[in-house]
Amino acid sequence: QSALTQPPSASGSPGQSLTISCTGTSSDVGYSNYVSWYQQHPGKAPKLIIHEVSKRPSGVPDRFSGSKSGNTASLTVSGLQAEDDSDYYCSAYAGDKHWGVFGTGTKVTVL
Amino acid sequence: EVQLLESGGGLVQPGGSLTLSCAVSGFTFSDYPMAWVRQAPGTGLEWVLVISGTGAHTYSADSVKGRFTISRDNSKNTLYLQMNSLRAEDTAVYYCAKVQHFFWSGPTFDYWGQGTLVTVSS
Chain A
3 QSALTQPPSA
13 SGSPGQSLTI
23 SCTGTSSDVG
33 YSNYVSWYQQ
43 HPGKAPKLII
53 HEVSKRPSGV
63 PDRFSGSKSG
73 NTASLTVSGL
83 QAEDDSDYYC
93 SAYAGDKHWG
103 VFGTGTKVTV
113 L
Chain B
32 EVQLLESGGG
42 LVQPGGSLTL
52 SCAVSGFTFS
62 DYPMAWVRQA
72 PGTGLEWVLV
82 ISGTGAHTYS
92 ADSVKGRFTI
102 SRDNSKNTLY
112 LQMNSLRAED
122 TAVYYCAKVQ
132 HFFWSGPTFD
142 YWGQGTLVTV
152 SS
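Have a look at this one:
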């Protein structure tokens with residue numbers, strides 16, 4: 003099972019919006035709506051910020067939103083803030099053969 | 032408050048074995064699948080093994096199949112990772128993680144431990 007493809011890096015100024023893509027196949031991203039996104043600051047454990055494509059766990063700011071079209075999922079961060087400077091990973095359910103897969107990760111820099 | 036606390040990491044020689052533990056509190060442990068996720072230095076996340084709430088079902092990544100085993104003791108609220116035939120490429124921070132809903136929803140992890148470092152080197 004190959005990792006989902008994410009851009010290595012993305013950047014934006016405070017207040018701007020930024021979108022990260024996560025491209026897979028019909029066997030993972032396109033297979034179901036079990037697509038999630040995580041934020042990870044250096045030296046810390048990942049934090050779930052989006053699940054089931056577009057649902058936000060309690061406490062996650064509504065600046066974070068998710069969507070999916072076909073085999074590509076996207077995470078949008080609106081109104082970038084300094085604390086959004088972090089690594090972001092997508093993940094997807096891959097069915098009963100491979101169970102799951104993570105994305106390659108995107109380093110977001112707030113300029 | 033949900034807490035996951037890993038232990039057992041350290042330095043081990045290639046070909047050696049190591050067992051990690053993850054002590055859990057704050058939720059009904061037996062109701063949820065659990066997983067081990069690792070992150071090699073400077074790289075991305077890789078789920079390694081997952082186990083259902085009862086322990087009846089497990090999945091492993093191809094990279095560890097036949098070498099690593101996941102298990103759980105629901106009476107002790109503890110998750111385990113038995114690692115055998117360790118290789119240099121197994122060097123990573125190992126996280127235990129709680130699956131948010133059910134086994135067939137894939138890698139949606141709503142709680143994570145702080146991680147424990149495993150270094151495989153001679």
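Chains as they are written, first to last, in my numbering: chain A, 3 to 113; chain B, 32 to 153. In this text, a Cβ means the ideal position worked out from N, Cα and C, and glycines have one as well. As the structure is a prediction and not an experimental result, all values here were calculated from the model.
Return the residue from the list Gly146/B, Asp141/B, Ser152/B, Thr147/B that minimises the CA-CA distance to Ile52/A.
Numbered from 1 along the first sequence, position 50 holds the residue referred to as residue 52/A. The shortest C-alpha separation from Ile52/A is found at Asp141/B.
Does DSSP put Phe58/B in a helix, a strand or coil?
Numbered from 1 along the second sequence, position 27 holds the residue referred to as residue 58/B. Here Phe58/B sits in coil by DSSP.
Identify each residue in the stretch 44-59 of chain A for which the Cβ-Cβ distance to at least one residue of chain B is less than 7 Å, and report them in chain order.
Ala47, Pro48, Leu50, His53, Pro59
If I measure Cβ to Cβ from Gln34/B and keep anything under 6 Å in the same chain, skipping five residues before and after, which residues do I get?
For the purposes of this step, residue 34/B is identified with residue 3 of the second sequence, where counting begins at 1. Taken in chain order, the residues that qualify are Ser56, Gly57.
How about the stretch 145-152 of chain B and the stretch 83-100 of chain B: do they share at least three Cβ pairs that are nearer than 8 Å?
no
Looking at Gly26/A and Ala94/A, is the spacing between their C-beta atoms short of 8 Å?
Indexing the first sequence from 1 puts residue 94/A at position 92. Indexing the first sequence from 1 puts residue 26/A at position 24. Yes; because the gap between Cβ atoms is below 8 Å, this pair is in contact.
Look at the alpha carbon of Ala54/B and the alpha carbon of Gly102/A, and state the distance between them as a whole number of angstroms.
Start at 1 with the first residue of the second sequence, and residue 54/B comes out as number 23. Start at 1 with the first residue of the first sequence, and residue 102/A comes out as number 100. If you take the alpha carbons of Ala54/B and Gly102/A, they lie about 24 Å apart.
Contacts of Gln34/B in chain A (Cβ-Cβ under 8 Å):
Within the second sequence, numbered from 1, the residue matching residue 34/B stands at position 3. Result: empty, since nearest Cβ-Cβ is about 12 Å, beyond 8 Å.
When Cβ atoms are compared, which residues of the stretch 42-70 of chain B fall closer than 9 Å to chain A?
Ala66, Val68, Gln70
To the nearest whole angstrom, what separates the beta carbons of Pro10/A and Thr108/A, a pair I think is in contact under 8 Å?
Taking the first sequence and counting its residues from 1, the one referred to as residue 10/A is at position 8. Taking the first sequence and counting its residues from 1, the one referred to as residue 108/A is at position 106. That pair is a contact at about 7 Å.
For Pro45/B, tell me which candidate among Met114/B, Thr109/B, Gln70/B, Ala128/B has the shortest Cα-Cα distance.
What you label residue 45/B is simply residue 14 of the second sequence in a count that begins at 1. If we check each option's Cα against that of Pro45/B, Met114/B comes out closest.
Short CB-CB distance (under 8 Å) between Asp121/B and chain A
On the second sequence, residue 121/B is found 90 positions in, with the first residue counted as 1. It does not: the Cβ of Asp121/B has no partner Cβ on chain A nearer than 8 Å.
Extent of the continuous beta strand (DSSP E) run through Lys129/B:
The residue given as residue 129/B occupies position 98 in the second sequence. Taken as a continuous stretch (DSSP letters only), the beta strand (DSSP E) holding Lys129/B covers 123-130.
Which first and last residues belong to the alpha helix (DSSP H) in which Asp98/A is found?
Position 96 of the first sequence holds residue 98/A. Asp98/A -> alpha helix (DSSP H) spans 97-100.
Going along the chain, which residues of the stretch 20-47 of chain A sit with their C-beta nearer than 7 Å to a C-beta in chain B?
Tyr36, Ser38, Ala47
Would you call the stretch 131-146 of chain B and the stretch 65-78 of chain B touching, i.e. three or more CB-CB distances under 8 Å?
yes
Does DSSP classify Asp104/B as helix, strand or coil?
Here the question's residue 104/B lines up with position 73 in the second sequence. In this structure, Asp104/B counts as strand in the three-state DSSP scheme.
Counting only Cβ pairs nearer than 7 Å, list the residues of chain A close to Ser136/B.
Here residue 136/B refers to the residue found at position 105 when the second sequence is read from its first residue. The contacting residues are Tyr36, Tyr95.
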